[in-house]
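Protein chains in written order, with the numbering used here: chain A, 83 to 249; chain B, 100 to 548. Input: a single structure, listed below in structure tokens.
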């Protein structure tokens, strides 16, 4: 649950979540509640925005672009929805975004559903929005996780004009 | 006292929500220590304190959204070490992300001349002092224009986002200001000219006093504002349509009981299975496509003295926007069942409201439906969406006492209004068409799930 999370968007009490095998945490990123689990690729860029643009909204739009470009390579048309940060498809939201910034340095980031078990999202109102959540698999895209990661890295490099290295 | 302001966290950002104060009034805070948190568009940002001292006052409480540069709190520099020399610092210094030149590092001052150990003074405010007294950020263009025309921007009313002064505001202000020739008494005008590097010849036109005397401080009786592009387009299209077609509206009363019962029975299941509600609109569109197939002239358009019959049945649905209207199109609507139509309606309407429609999704309609019933209207006379020749309006479906075989029964009743272009469609045909829609709805037999 993010900083702007409303408790009513958590549809089950923590005990019930625990029984479903879900741990509940408060975090210091922006945004409401979301679910993280297997089948998701979580990108957590630690990025000094002073080296790019000093613009937090441009950064979020950039993260969306990273995911949109990567999805395009797999034939999935991702899009923005005005007023609802994240990456959307016709079938619902495919990637969630929530960011924290301290002294222009970013943390948290995005979570892209590759073949996430979407049933878990039923315990919450994801990001406080009524729209459904989807995954690459739900959209008929069976792809190896590594391939998606590579596509995301390439697209991050392009959008933010960085050179990527493996540490 | 140092004002702590809502910082601008990016070019397009005009406001932020103060989500959390990290200090309480009376707490000591170091310069650059996180003081509060703000949130803009899913981004949470810690804002460092612009100075060392005691948090004297919280002006903006948690949860409030305010424009950038709004004072959110005040810091008393009294207690902290090294507050001494900073009295000369310019007053409202925004924290770290101040509107400085690109690439500058505002957090650490480069001039090492400052006394060692003492916290550095807040970064100096940018040079354009004339401009700084206004609320909201100013574009470089507006700054330049203001300088060139020697305008005191605190007199210009901003209409842009967050009260921002736009180029148009400035142009309007300049237009309302009398020209150099008209300037009545230059002496009176000289009084409030701000000092600055302005060419002296420009000073005279600052004659704002030539305005008519204020009428006891009342607001003016009228207000003029330009139409949005969308409003201009709608205005043009509506007048054009009324000029072009011979509008006639016929209204049929439809017993919707069968459909209402079916809808009542399955809407929960549809909500659970597909994630959207079920309205009457997809039933009406489904019935209308059956009638359009039977009466293709209603699905036609006029070109000069030719009639163009369309093979495809593409139904436009009118979607009310906050300040306007748009008619996205369900292509090949006759090939969709009720659920498919409902899905298209939900999708097109939500993307219309979030301005995400593609241009081709508002084109090639051959017939339109408007659902004013959702706003409570029983029936209305809609305007044809050119170059189409008919539009159907769906009124509110309400329970009414109705005479059925000489007994009074409660039925769900709604009115269907068909506005048609009498140039092409005669009343008899219009009523046959509407009668067909009515008959499909009253005798609904198609499975939905």
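Backbone N, C-alpha and C define an ideal beta-carbon position, used for all residues, glycine too.
Report, in whole angstroms, the separation of the C-beta atoms of residue i and residue j, which I expect to be a contact under 8 Å.
{"i": "residue 493 of chain B", "j": "residue 468 of chain B", "result": "7 Å"}
{"i": "residue 218 of chain A", "j": "residue 235 of chain A", "result": "That belief does not hold up - the Cβ atoms of residue 218 of chain A and residue 235 of chain A are roughly 16 Å apart, past 8 Å."}
{"i": "residue 124 of chain B", "j": "residue 156 of chain B", "result": "6 Å"}
{"i": "residue 167 of chain A", "j": "residue 179 of chain A", "result": "5 Å"}
{"i": "residue 432 of chain B", "j": "residue 480 of chain B", "result": "About 23 Å separates the two Cβ atoms, so there is no contact after all."}
{"i": "residue 139 of chain B", "j": "residue 115 of chain B", "result": "5 Å"}
{"i": "residue 522 of chain B", "j": "residue 407 of chain B", "result": "Between residue 407 of chain B and residue 522 of chain B the Cβ distance is about 13 Å, and since that is not below 8 Å, they are no contact."}
{"i": "residue 447 of chain B", "j": "residue 384 of chain B", "result": "Actually they are not in contact, since the Cβ atoms of residue 447 of chain B and residue 384 of chain B sit about 12 Å apart, beyond 8 Å."}
{"i": "residue 423 of chain B", "j": "residue 507 of chain B", "result": "At roughly 43 Å, the Cβ-Cβ gap does not stay under 8 Å, so residue 423 of chain B and residue 507 of chain B are not in contact."}
{"i": "residue 470 of chain B", "j": "residue 380 of chain B", "result": "5 Å"}
{"i": "residue 165 of chain A", "j": "residue 453 of chain B", "result": "6 Å"}
Taking residue i as the query, report the chain A residues whose CB atoms sit under 9 Å from its CB, ordered along the chain.
{"i": "residue 454 of chain B", "result": "164"}
{"i": "residue 98 of chain B", "result": "Shown here, chain B extends from 100 to 548; a query on residue 98 of chain B therefore has no answer."}
Residue j and residue i - do their beta-carbons sit closer together than 9 Å?
{"i": "residue 199 of chain A", "j": "residue 87 of chain A", "result": "no"}
{"i": "residue 357 of chain B", "j": "residue 548 of chain B", "result": "no"}
{"i": "residue 366 of chain B", "j": "residue 376 of chain B", "result": "yes"}
{"i": "residue 474 of chain B", "j": "residue 515 of chain B", "result": "no"}
{"i": "residue 428 of chain B", "j": "residue 488 of chain B", "result": "no"}
{"i": "residue 251 of chain B", "j": "residue 259 of chain B", "result": "no"}
{"i": "residue 263 of chain B", "j": "residue 104 of chain B", "result": "no"}
{"i": "residue 536 of chain B", "j": "residue 409 of chain B", "result": "no"}
{"i": "residue 181 of chain A", "j": "residue 215 of chain A", "result": "no"}
{"i": "residue 485 of chain B", "j": "residue 348 of chain B", "result": "no"}
{"i": "residue 125 of chain A", "j": "residue 194 of chain A", "result": "yes"}
{"i": "residue 191 of chain A", "j": "residue 249 of chain A", "result": "no"}
{"i": "residue 412 of chain B", "j": "residue 442 of chain B", "result": "no"}
{"i": "residue 115 of chain A", "j": "residue 207 of chain A", "result": "yes"}
{"i": "residue 136 of chain B", "j": "residue 85 of chain A", "result": "yes"}
{"i": "residue 107 of chain B", "j": "residue 146 of chain B", "result": "no"}
{"i": "residue 184 of chain A", "j": "residue 465 of chain B", "result": "no"}
{"i": "residue 73 of chain A", "j": "residue 128 of chain A", "result": "What the structure shows of chain A is the stretch from 83 to 249, and residue 73 of chain A is not part of that stretch, so it cannot be assessed."}
{"i": "residue 220 of chain A", "j": "residue 159 of chain A", "result": "no"}
{"i": "residue 513 of chain B", "j": "residue 353 of chain B", "result": "yes"}
{"i": "residue 482 of chain B", "j": "residue 337 of chain B", "result": "yes"}
{"i": "residue 455 of chain B", "j": "residue 162 of chain A", "result": "yes"}
{"i": "residue 346 of chain B", "j": "residue 518 of chain B", "result": "yes"}
{"i": "residue 189 of chain A", "j": "residue 244 of chain A", "result": "no"}
{"i": "residue 420 of chain B", "j": "residue 326 of chain B", "result": "no"}
{"i": "residue 501 of chain B", "j": "residue 490 of chain B", "result": "no"}
{"i": "residue 151 of chain B", "j": "residue 128 of chain B", "result": "yes"}
{"i": "residue 109 of chain B", "j": "residue 205 of chain A", "result": "no"}
{"i": "residue 460 of chain B", "j": "residue 450 of chain B", "result": "yes"}
{"i": "residue 122 of chain B", "j": "residue 148 of chain B", "result": "yes"}
{"i": "residue 117 of chain B", "j": "residue 159 of chain B", "result": "yes"}
{"i": "residue 430 of chain B", "j": "residue 386 of chain B", "result": "no"}
For a contact defined as C-beta to C-beta under 8 Å, what are the partners of residue i on chain B?
{"i": "residue 214 of chain A", "result": "374"}
{"i": "residue 195 of chain A", "result": "Result: empty, since nearest Cβ-Cβ is about 16 Å, beyond 8 Å."}
{"i": "residue 161 of chain A", "result": "455"}
Which residues in chain B have a C-beta closer than 7 Å to the C-beta of residue i? List them in chain order.
{"i": "residue 110 of chain A", "result": "143"}
{"i": "residue 154 of chain A", "result": "Going along chain B, no residue has its Cβ under 7 Å from residue 154 of chain A, so there is no contact; the nearest lies around 16 Å."}
{"i": "residue 180 of chain A", "result": "141"}
{"i": "residue 204 of chain A", "result": "Under the 7 Å cutoff, chain B gives no residues; its nearest Cβ is about 11 Å from residue 204 of chain A."}
{"i": "residue 78 of chain A", "result": "Only positions 83 to 249 of chain A appear in the structure, and residue 78 of chain A is not among them; the question remains open."}
{"i": "residue 172 of chain A", "result": "446"}
What I want to know is whether the C-beta of residue i ends up closer than 8 Å to one or more non-hydrogen atoms of the ligand MG.
{"i": "residue 208 of chain A", "result": "Within the structure as shown, the ligand MG is missing, as the structure has no ligands at all."}
Starting from residue i, find everything on chain A with Cβ-Cβ shorter than 8 Å and list it in chain order.
{"i": "residue 147 of chain B", "result": "185"}
{"i": "residue 105 of chain B", "result": "Under the 8 Å cutoff, chain A gives no residues; its nearest Cβ is about 13 Å from residue 105 of chain B."}
{"i": "residue 355 of chain B", "result": "Going along chain A, no residue has its Cβ under 8 Å from residue 355 of chain B, so there is no contact; the nearest lies around 27 Å."}
Can you pull the chain B neighbours of residue i, defined as C-beta to C-beta under 9 Å?
{"i": "residue 85 of chain A", "result": "118, 119, 136, 138, 143"}
(request) With a floor of 3 residues, list each beta strand (DSSP E) that falls wholly inside the stretch 366-427 of chain B, ordered by position along the chain. (result) 399-402, 405-408, 414-416, 418-420, 423-425
(request) Pick out the complete beta strand (DSSP E) segments inside the stretch 124-190 of chain A, 3 residues or longer, and give them in chain order. (result) 161-163, 166-171, 174-184
(message) Along the stretch 237-271 of chain B, where does the CB come closer than 7 Å to a CB of chain A? Name the residues.
(response) none
(request) Give the residues from the stretch 110-137 of chain B that approach chain A closer than 9 Å (Cβ to any Cβ), ordered along the chain. (result) 110, 111, 112, 116, 118, 119, 131, 133, 136
(message) Against chain A, which members of the stretch 434-455 of chain B pass a CB distance test of less than 7 Å?
(response) 446, 453, 454, 455
(request) Taking only beta carbons into account, state which residues of the stretch 113-144 of chain A come closer than 8 Å to chain B, listed in chain order. (result) 113, 132, 135, 136, 137, 138, 139, 140, 141, 142
(message) If we require 3 or more residues per run, which beta strand (DSSP E) segments fall completely within the stretch 496-535 of chain B?
(response) 497-503, 506-520
(message) So if I threshold CB-CB distances at 9 Å, which residues from the stretch 323-336 of chain B count as touching chain A?
(response) none
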